[in-house]
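Visitor: Here the protein sequences come in this chain order: A and B. For the first sequence, counting from 1, position 107 maps to 107 in our numbering; every step adds exactly one. For the second sequence, counting from 1, position 312 maps to 312 in our numbering; every step adds exactly one. Even glycine gets a Cβ: it sits at the ideal position worked out from N, Cα and C. All values derive from a computational prediction rather than experimental measurement.
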Amino acid sequence: MSFMQIHNLKVHYPVRGGILNSVVDYIYAVDGISMEFEKGKAYGLVGESGCGKSTTGKVIIGLEKITAGRICYEGVDVTNSNNHRKSAFNRDIQMIFQDAHSSLNPRKRVQDIIAEPIRNFLKLTPKEEKRKIHELLEIVGMPEDAKYKYPHEFSGGQKQRIGIARAIATNPKLIIADEPVSALDLSVQAQVLNFMKEIQREYGLSYLFISHDLGVVQHMCEHISIMYKGRFVETGSKYDIYKNPQHIYTKRLLSAIPNTSPIGRDERKKERILVEKHYQENVRKYFDRQARVFDLVPVSKTHFVAATSSMKGGF
Amino acid sequence: MDVLLEIKELHTGFRMNDTFYNAVDGVSLSLRKNEILAIVGESGCGKSTLATSIMGLFDQRTTRIQGEILYQQKNLAALTEEQLNEVRGLEISMIFQDPLSALNPLMRVGDQIEEGLIYHTDLSKEERKQRVLTLLQQVGIQDPKHVARQFPHQLSGGMRQRIMIAIAICCKPKIIIADEPTTALDVTIQAQILDLLVELQKETGAGIILITHDLGVVAEVADRVVVMYAGEIVEEAPIKELFLHPQHPYTRSLFHSIPQMNKKSDRLNVIEGIVPSLIHLPRSGCRFADRIPWIPQEAHEENPQLHEISPGHFVRCTCWKSFYFNTRKGERYV
């Protein structure tokens with residue numbers, strides 16, 4: 001059973017202008033998405049920049065206000081109620097940020113950075129707190145003396161691991177990872193990804209993995225949603241999306257990923273140009289009159305795609 | 001072979017506390033006509049420093065460039081700023097990673113493309129305007145007249161990068177240096193920009209040096225690849241050779257770190273340790289030795305050289321012969 005449901009979530013930003021600075025229009029950053037989270041699973045959220053994927057992450061954790069829709073956590077409606085600092089929801093949902101460097105307070109030592117969620121949510125004696133910090137540093141594979149250092153003394157990968165240590169300090173159920181590895185080099189990226197998988201297995205964590213890198217997402221996630229202009233165009237299991245993409249936008253996205261084999265690259269290029277041409281010609285069919293993505297309809301048990309009901313068989 | 005650019009034993013050092021530390025340490029390579037040469041490596045390996053050295057974009061008070069960069073019998077490393085200005089933009093041009101910070105925010109993009117033409121050609125104003133419009137069309141912009149009058153902030157990331165490319169090709173240079181041209185872009189836009197680069201290269205016959213950390217991009221467009229680590233070339237090979245038979249431990253470790261769909265194990269390979277900083281760079285022996293400690297010392301050369309192991313395929317040091325991967329369970333595999 002899912003422990004958390006998001007229902008028809010919307011975030012609209014007002015655009016102000018005109019003579020009295022009145023609201024003239026809205027930007028539909030997130031425009032009606034629904035998700036469910038199950039224990040121990042990783043969910044991927046993929047899309048181009050500006051499609052609203054980061055906003056989705058922020059709104060779930062409560063860094064942005066929800067315009068409409070509902071978030072239910074273990075049967076309790078937690079929509080916009082995150083100002084209770086010690087609520088179970090805030091303890092159980094944590095976030096890993098893209099830029100580890102700017103997400104760590106430069107004037108705090110590592111031990112104080114990691115201790116912050118512990119002090120907020122867990123009532124521990126100073127001794128227990130110390131032990132907990134040691135434990136966390138050990139989990140993320142950092143030496144014990146790291147706790148006296150400041151963030152700038154670490155490399156990019158190490159900083160990201162401090163960020164992870166902070167996120168797992170309260171034994172959360174869901175971690176929202178907003179592009180956690182996109183600023184890292186390949187070998188460091190591998191290190192962080194391995195590590196995230198390990199703690200997932202060990203603690204039964206769920207992830208919402210937000211990324212524009214389809215390679216990373218398919219490595220980490222069983223369940224993937226493709227987002228475009230604030231709405232889902234396709235959601236399904238890894239195999240549904242990669243082996244049997246239905247929506248034209250997904251197909252185009254997949255054809256654009258560089259392959260790490262030079263063999264057959266000319267054919268891939270031809271294919272890519274073909275898909276792009278097909279996309280340009282048919283793109284209107286896949287969106288409604290306001291250029292919005294259609295609602296999702298099921299293709300199979302796990303696989304949903306945005307389409308009108310009349311188009312269902314016609315892909 | 002038509003060699004366009006030849007670099008011989010290039011050392012580029014930065015001054016820190018009155019000592020020079022070489023970020024590029026003895027790199028020799030050549031760029032041929034009609035070729036896309038990719039330079040790959042992780043951050044801090046000196047690949048961008050190499051590109052900027054070719055363009056001479058460094059402050060000469062704090063950097064020291066030794067060695068030769070030969071272009072048409074001229075040593076670019078020894079030219080003065082004025083002499084370099086004659087070459088830059090006309091014969092060799094550069095595409096930068098972040099187009100928003102490379103473009104002038106206060107100038108219309110059409111005027112920015114025109115700048116190079118004013119400096120290097122004697123075209124009349126009318127001819128220049130015409131050329132700008134053809135260039136914009138060439139880089140795939142639908143409505144050149146309208147776009148030429150816009151400012152960079154009014155354009156999308158992909159459009160801006162197209163403008164950068166238009167600026168780079170405005171005087172039909174023989175060499176284009178592209179420093180991470182697609183890193184800041186989405187995959188769909190990235191594919192379009194790469195296709196555009198390849199197309200333009202085929203049309204003009206220019207040589208392109210493509211600097212990137214993305215092995216996928218390399219596999220899609222490059223003809224020859226140079227892998228750099230800690231300021232040195234560790235492997236150089238034609239594209240297929242490198243991707244099918246990578247030899248140097250560093251190259252192989254990198255390939256094993258890429259998340260891939262059809263991989264059996266779900267653990268990615270991790271290279272032990274970290275890239276040494278400029279000050280702590282080992283200056284003798286195999287620079288990669290610290291990161292593969294399970295390989296015995298005897299396997300490394302005392303003074304690692306590039307060896308040609310098959311035609312056009314160079315590998316530094318001899319440690320690749322005895323290299324194997326170590327899993328965490330202590331199993332070995334090659």
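(1) Name, please, each residue of chain B whose Cβ falls closer than 9 Å to the Cβ of alanine 256(A).
(2) Rounded to a whole number of angstroms, what is the C-alpha to C-alpha distance between methionine 353(B) and valine 233(A)?
(3) For the alpha helix (DSSP H) that contains glutamine 192(B), what are its first and last residues?
(4) Using a Cβ-Cβ cut-off of 7 Å (strictly less than) and excluding sequence neighbours within five positions of isoleucine 133(A), which residues of its own chain qualify?
(5) In whole angstroms, what is the alpha-carbon distance linking aspartate 288(A) and histidine 278(A)?
(6) Under three-state DSSP, which class holds phenylalanine 58(B)?
(7) Find the residues of chain B that neighbour arginine 272(A), judging by a C-beta separation of less than 7 Å, and give them in chain order.
(8) Indicate whether at least one CB of chain A lies closer than 8 Å to the CB of asparagine 269(B).
(9) Could you please tell me which residues of the segment 274 to 299 of chain B, in chain order, have their CB closer than 7 Å to any CB of chain A?
(10) By Cβ distance, which residues of its chain are closer than 6 Å to isoleucine 309(B), with the 5 residues on each side in sequence left out?
(11) Would you say leucine 215(B) reaches chain A, if we count a Cβ-Cβ gap shorter than 8 Å as a contact?
(12) So, helix, strand or coil for alanine 219(B), using DSSP?
(13) CB isoleucine 193(B) to CB leucine 31(B), shorter than 8 Å?
(14) Spell out the partners DSSP gives aspartate 98(B) in its beta bridges.
(15) May I ask you to check if the CB of tyrosine 207(A) is nearer than 7 Å to at least one heavy atom of the ligand MG?
(16) Return the bridge partner residues of histidine 313(B) from the DSSP annotation.
(17) Just the C-alpha distance for isoleucine 176(A) and glycine 40(A), rounded to the nearest angstrom, thanks.
(18) Here's a check: name, in chain order, each residue in its chain whose Cβ is nearer than 8 Å to the Cβ of glycine 157(B), leaving out the five neighbours to either side.
(19) With a threshold of 8 Å between beta-carbons, can lysine 312(A) be considered close to chain B, or not?
(20) Between Thr318(B), Thr49(B), Ser257(B), which lies nearest to valine 270(B) when the distance is taken from Cα to Cα?
(21) Using a Cβ cut-off of 8 Å, pull out every chain B residue sitting near threonine 260(A), in sequence order please.
(22) Comparing alpha-carbon positions, which option in Met35(A), Gly57(A), Ser2(A) lies nearest alanine 29(A)?
(23) Does the contact criterion of 3 or more C-beta pairs under 8 Å hold for the segment 52 to 59 of chain B versus the segment 237 to 249 of chain B?
(24) Are glutamate 232(B) and valine 27(B) closer than 8 Å when you measure CB to CB?
(25) How about alanine 206(B) and isoleucine 95(B): are their beta carbons less than 8 Å apart?
(26) If the cut-off is 8 Å on Cβ atoms, which residues from the segment 35 to 50 of chain B count as contacting chain A, listed in chain order?
(27) Are the segment 265 to 284 of chain B and the segment 224 to 231 of chain B touching by the rule of at least three beta carbon pairs closer than 8 Å?
(28) State buried or exposed for glycine 16(B), treating a residue as buried only when at least 16 other CB atoms are found within 10 Å of its CB.
(29) DSSP three-state label for cysteine 319(B), please.
(30) Is there a Cβ from chain B that is less than 8 Å from the Cβ of aspartate 145(A)?
(31) What is the residue span of the alpha helix (DSSP H) that tyrosine 242(A) lies within?
(32) Confirm, please, whether the CB-CB distance from tyrosine 203(A) to histidine 247(A) is below 8 Å.
(33) For the pair the segment 236 to 247 of chain A and the segment 63 to 78 of chain A, tell me if three or more CB-CB distances fall below 8 Å.
(34) For glutamine 191(A) and chain B, any beta-carbon pair shorter than 8 Å?
(35) Run through DSSP, which three-state label would phenylalanine 255(B) get?
(36) For leucine 136(B), I'd like the list of residues in its chain whose CB is within less than 7 Å of its CB, leaving aside the five on either flank, ordered along the chain.
Guide: Checking against the coordinates, here is how it stands:
(1) Residue 256(A) sits at position 256 when you count from the first residue of the first sequence. Listed by position along chain B, the residues whose Cβ is nearer than 9 Å to that of alanine 256(A) are Asp186, Val187, Thr188, Ile189, Gln190, Ala191, Gln192.
(2) In the structure displayed, chain B extends from 1 to 334; residue 353(B) sits before or after that span and is not available.
(3) For this step, residue 192(B) is matched to residue 192 along the second sequence. Looking at the DSSP string, the run of the alpha helix (DSSP H) that includes glutamine 192(B) is 187 to 204.
(4) Your numbering for residue 133(A) matches position 133 in the first sequence. The residues are Gln111, Ile114, Ala115, Lys147.
(5) Stepping through the first sequence from its first residue, residue 288(A) is reached at position 288. Stepping through the first sequence from its first residue, residue 278(A) is reached at position 278. Approximately 18 Å, taken between the alpha carbons.
(6) Counting from one through the second sequence, the residue named residue 58(B) turns up at place 58. In the structure shown, phenylalanine 58(B) adopts coil according to DSSP, grouped into three states.
(7) Counting from one through the first sequence, the residue named residue 272(A) turns up at place 272. The CB of arginine 272(A) comes closer than 7 Å to the CB of Ala191 in chain B, given here in chain order.
(8) Residue 269(B) sits at position 269 when you count from the first residue of the second sequence. Closer than 8 Å to some Cβ of chain A, the Cβ of asparagine 269(B) qualifies, so yes.
(9) Using a CB distance below 7 Å, the part of the segment 274 to 299 of chain B facing chain A consists of Ile274, ordered along the chain.
(10) What you label residue 309(B) is simply residue 309 of the second sequence in a count that begins at 1. For isoleucine 309(B), where only same-chain residues beyond five positions count, the Cβ hits under 6 Å are Val315.
(11) Numbered from 1 along the second sequence, position 215 holds the residue referred to as residue 215(B). The beta-carbon of leucine 215(B) is placed less than 8 Å from the nearest beta-carbon of chain A.
(12) Taking the first residue of the second sequence as position 1, residue 219(B) is located at position 219. Helix.
(13) Here residue 193(B) is taken as the residue at index 193 of the second sequence, counted from 1. Here residue 31(B) is taken as the residue at index 31 of the second sequence, counted from 1. The answer is no: Cβ separation not under 8 Å.
(14) As a position in the second sequence, residue 98(B) is number 98, starting the count at 1. The secondary-structure analysis by DSSP pairs aspartate 98(B) with nothing; it has no beta-bridge partner.
(15) Because no ligand of any kind appears in the structure shown, any question about the ligand MG cannot be addressed here.
(16) As a position in the second sequence, residue 313(B) is number 313, starting the count at 1. Answer by DSSP bridge pairing, in chain order: Ser310(B).
(17) Within the first sequence, numbered from 1, the residue matching residue 176(A) stands at position 176. Within the first sequence, numbered from 1, the residue matching residue 40(A) stands at position 40. When rounded, the distance between both Cα atoms is 13 Å.
(18) Stepping through the second sequence from its first residue, residue 157(B) is reached at position 157. Correct list, in chain order: Pro99, Leu100, Ala184, Leu185, Asp186, Ile189.
(19) Within the first sequence, the letter at position 312 stands for residue 312(A). Because lysine 312(A) carries a pLDDT of 49, less than 50, the predicted location of this residue cannot be relied on, and the following value inherits that uncertainty. No - not a single Cβ of chain B is within 8 Å of the one on lysine 312(A).
(20) Translated into the one-based positions of the second sequence, residue 270(B) becomes position 270. Considering only alpha carbons, the answer is Ser257(B).
(21) Here residue 260(A) refers to the residue found at position 260 of the first sequence. Within chain B, the residues near threonine 260(A) are Leu215, Gly216, Ala219, Phe243, Phe255, Ile258, Gln260.
(22) Translated into the one-based positions of the first sequence, residue 29(A) becomes position 29. When the alpha-carbon of alanine 29(A) is set against those of Met35(A), Gly57(A), Ser2(A), the nearest one is in Gly57(A).
(23) Contact check between the segment 52 to 59 of chain B and the segment 237 to 249 of chain B: fewer than three CB pairs, one atom from each, fall below 8 Å, which does not count as touching.
(24) On the second sequence, residue 232(B) is found 232 positions in, with the first residue counted as 1. On the second sequence, residue 27(B) is found 27 positions in, with the first residue counted as 1. Yes, Cβ-Cβ distance for glutamate 232(B) and valine 27(B) is below 8 Å.
(25) As a working mapping, residue 206(B) is identified with position 206 in the second sequence. As a working mapping, residue 95(B) is identified with position 95 in the second sequence. Cβ atoms of alanine 206(B) and isoleucine 95(B): not closer than 8 Å.
(26) For the segment 35 to 50 of chain B, which is checked against every Cβ of chain A, the residues closer than 8 Å are Glu42, Ser43.
(27) Counting Cβ pairs under 8 Å, three or more are found: they touch.
(28) The sequence position of residue 16(B) within the second sequence is 16, counting from 1. The identity of residue 16(B) in the sequence shown is methionine, whereas the question assumes glycine. Here methionine 16(B) is exposed: its Cβ has fewer than 16 other Cβ atoms, across all protein chains shown, within 10 Å.
(29) Stepping through the second sequence from its first residue, residue 319(B) is reached at position 319. Looking at cysteine 319(B) - three-state DSSP - the assignment turns out to be helix.
(30) On the first sequence, residue 145(A) is found 145 positions in, with the first residue counted as 1. At least 8 Å separates the CB of aspartate 145(A) from every CB of chain B.
(31) The residue given as residue 242(A) occupies position 242 in the first sequence. Its alpha helix (DSSP H) spans residues 238 to 243.
(32) Mapped onto the first sequence, residue 247(A) falls at position 247. Mapped onto the first sequence, residue 203(A) falls at position 203. In this structure, tyrosine 203(A) does not lie closer than 8 Å to histidine 247(A) by Cβ.
(33) No, they do not touch.
(34) Along the first sequence, read from residue 1 onward, the residue named residue 191(A) stands at position 191. Chain B, which has a Cβ nearer than 8 Å to the Cβ of glutamine 191(A), makes this yes.
(35) As a working note, residue 255(B) is residue 255 in the second sequence. DSSP places phenylalanine 255(B) in helix when its eight states are reduced to three.
(36) In the second sequence, the residue the question calls residue 136(B) occupies position 136. Cβ within range, chain order: Pro144, Val147, Ala148, Ala166.
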